[in-house]
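Working notes, structure below.
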Amino acid sequence: MAFYEVLLFVHIFSAILGMGPGFVMIYVVTRATNMTELKHAYNIRNRLHIFTMVGGTLLLITGLWMGFINTYLFTTGWYVISLTLYLIALGFGPLVLSPRSKPIKALLKEHKGEEIPAEYYTLSKKLFFYERIENGLFLIIIVLMILKPF
């Protein structure tokens, strides 16, 4: 197996490891019916996030490395658009998602009782809206990587 093929294998494996859990993170918490379940669901979500961070970092590193090995990739539209969308999606974490998840984390930590407060639904709706946009970006990237249309 050539070095490039190893990079490609790691890249594909990282996509599964990093993006797969990201697509279920909303679903995990939307099924909670009380605060105990919701707190547990966010605990699971945080554990899944570790996979997305590790896989996502490996995706970027291997993708760029393959580009530096085959520099013609930087002249193909699918690669440049995929890379651009990926960098935008990476920026979502600290710039868009984190500010919207902090109030939810505070609410989960401070709330007493088993009933999920209405405020949670308002906050989570905003967070999940942007997470769905990010997931959409990842789906576009996956399609571009598979089809390489231009």
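If you're matching positions, the sequence shown starts at 5 in the working numbering and goes up one per residue.
Glycine is no exception: its CB is placed at the ideal position from the N, C-alpha and C atoms.
All values derive from a computational prediction rather than experimental measurement.
Note on the segment 53-135: whole alpha helix (DSSP H) runs with a minimum of 4 residues are 81-96, 102-114, in chain order. In the displayed model, residue 51 falls within a helix according to three-state DSSP. In chain order, 145, 148, 149 place their CB closer than 7 Å to the CB of residue 86, counting only its own chain and leaving out the 5 sequence neighbours on each side. The beta carbons of residue 49 and residue 28 sit no closer together than 7 Å. Following the DSSP letters along the chain, one finds residue 25 inside the alpha helix (DSSP H) bounded by residues 7-26. Boundaries of the alpha helix (DSSP H) harbouring residue 34: 29-34, taken from the DSSP string. With distances taken between CA atoms, residue 38 lies nearest to 116 out of 16, 129, 116, 154.
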